[in-house]
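To start, the structure itself, in structure tokens.
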Ligand SMILES: [Zn+2]
Ligand SMILES: [Zn+2]
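Numbering (the working numbering), first residue to last: 9 to 177.
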């Protein structure tokens with residue numbers, strides 16, 4: 009995992025611990041150099057998620073199976089006002105923005121971040137959206153939907169995930 013643009017270290021560290029718990033895989037905090045205006049759209053004053061993903065895919069850390077960037081600025085994708093995150097389905101890279109997830113209650117900020125990290129990471133392990141609104145793979149387009157779901161996978165998604173997770177020694 010790595011972070012760009014005003015993400016507190018404790019959010020990154022807690023998110024890494026969360027991934028370890030939910031996915032049962034080793035997580036490392038890496039430092040990836042970030043060009044400050046990469047993907048920035050001055051008209052929208054937002055960053056283009058696809059550009060960030062493309063940038064991440066240039067970093068081929070041989071021992072990393074996935075790379076998740078947590079960013080502090082707002083993300084968009086063509087045709088959408090904003091996105092909480094984006095991932096390469098069945099691929100290696102994911103990006104999550106905490107910009108719209110922040111709450112004065114920091115525990116809520118953390119919990120929302122965990123859900124979106126697990127959701128985007130789920131996509132990189134080949135999972136698509138789930139109709140169960142409490143499953144972390146359910147699609148969220150609002151904070152209400154983020155807050156309604158849990159940070160873990162439903163039984164069906166968990167089974168698909170397990171089939172795609174690397175075997176841990
Ligand atoms: Zn999704
Ligand atoms: Zn599910």
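Glycine included, each C-beta is placed from N, C-alpha and C at the ideal position.
Note the first and the last residue of the continuous beta strand (DSSP E) segment covering residue 107. Along the chain shown, read from residue 1 onward, the residue named residue 107 stands at position 99. Unbroken run through residue 107: none, as it is neither H nor E.
Is any heavy atom of ligand 2 found at a distance shorter than 7 Å from the C-beta of residue 164? Sequence index remark: in the chain shown, residue 164 carries index 156 (1-based). Look at residue 164: its beta carbon is less than 7 Å from one of the heavy atoms in ligand 2.
Neighbour-count burial assignment, residue 14, 16 or more Cβ in a 10 Å radius: To locate residue 14, count along the chain shown from 1; it is residue 6. In the assembly as shown, residue 14 is an exposed residue. Its beta-carbon has fewer than 16 other beta-carbons within 10 Å.
What number of angstroms, rounded off, separates the C-alpha of residue 18 from the C-alpha of residue 114? Locating residue 18 in the chain shown gives position 10, counting from the first residue. Locating residue 114 in the chain shown gives position 106, counting from the first residue. The straight-line gap from Cα to Cα measures roughly 11 Å.
With 16 other CB atoms within 10 Å as the buried threshold, where does residue 120 fall? Taking the first residue of the chain shown as 1, we reach residue 120 at position 112. The residue in question, residue 120, is buried, as its Cβ has 16 or more Cβ neighbours within 10 Å.
Cα-Cα separation, residue 149 to residue 127: Numbered from its first residue, the chain shown carries residue 149 at position 141. Numbered from its first residue, the chain shown carries residue 127 at position 119. Near 13 Å, if we compare the C-alpha coordinates of residue 127 and residue 149.
Quick one: residues with CB closer than 6 Å to any heavy atom of ligand 1, in chain order, please. Here the residues come out as 127, 131, 137, 147.
Three-state secondary structure (DSSP) at residue 59? If you number the chain shown from 1, residue 59 lands on position 51. In this structure, residue 59 counts as helix in the three-state DSSP scheme.
Give the secondary structure of residue 116 by DSSP, where H, G and I count as helix, E and B as strand, and everything else as coil. Counting from one through the chain shown, the residue named residue 116 turns up at place 108. DSSP places residue 116 within a helical segment (H, G or I) once states are collapsed to three.
Report all residues from its chain with a CB closer than 8 Å to the CB of residue 136; omit the five preceding and five following residues, and keep chain order. Residue mapping note: residue 136 aligns to position 128 of the chain shown, counting from 1. Its chain contains 97, 145 as the residues whose beta carbon lies nearer than 8 Å to that of residue 136, once the 5 sequence neighbours on both sides are disregarded; these appear in chain order.
So if DSSP puts residue 54 in a beta bridge, which residue, or which two residues, is it bridged to? Counting from 1 along the chain shown, the entry for residue 54 is found at position 46. When beta bridges are read from the DSSP output, residue 54 appears opposite 49.
Between residue 9 and residue 24, is the Cβ-Cβ spacing less than 8 Å? Mapped onto the chain shown, residue 9 falls at position 1. Mapped onto the chain shown, residue 24 falls at position 16. Taking 8 Å as the cut-off, the beta carbon of residue 9 is found closer than this to the beta carbon of residue 24.
Pick from 123, 82, 112: whose alpha carbon is nearest that of residue 105? One-based indexing of the chain shown puts residue 105 at position 97. Among 123, 82, 112, the Cα nearest to that of residue 105 is on 82.
Could you spell out the range, first to last residue, of the alpha helix (DSSP H) harbouring residue 152? As a first step, residue 152 is located in the chain shown; it is residue number 144 there, counting from the start. For residue 152, the uninterrupted alpha helix (DSSP H) run begins and ends at 151 to 156, by DSSP.
Would you check whether ligand 2 has a heavy atom nearer than 7 Å to the C-beta of residue 6? Residue 6 lies beyond the stretch modelled for the chain, which goes from 9 to 177, so this question has no answer here.
Would you say residue 155 touches ligand 2, meaning its beta carbon is less than 7 Å from a heavy atom? Taking the first residue of the chain shown as position 1, residue 155 is located at position 147. It does not: the Cβ of residue 155 is nowhere closer than 7 Å to a heavy atom of ligand 2.
Cβ of residue 161 within 7 Å of any heavy atom in ligand 2? One-based indexing of the chain shown puts residue 161 at position 153. Of the heavy atoms belonging to ligand 2, at least one sits nearer than 7 Å to the Cβ of residue 161.
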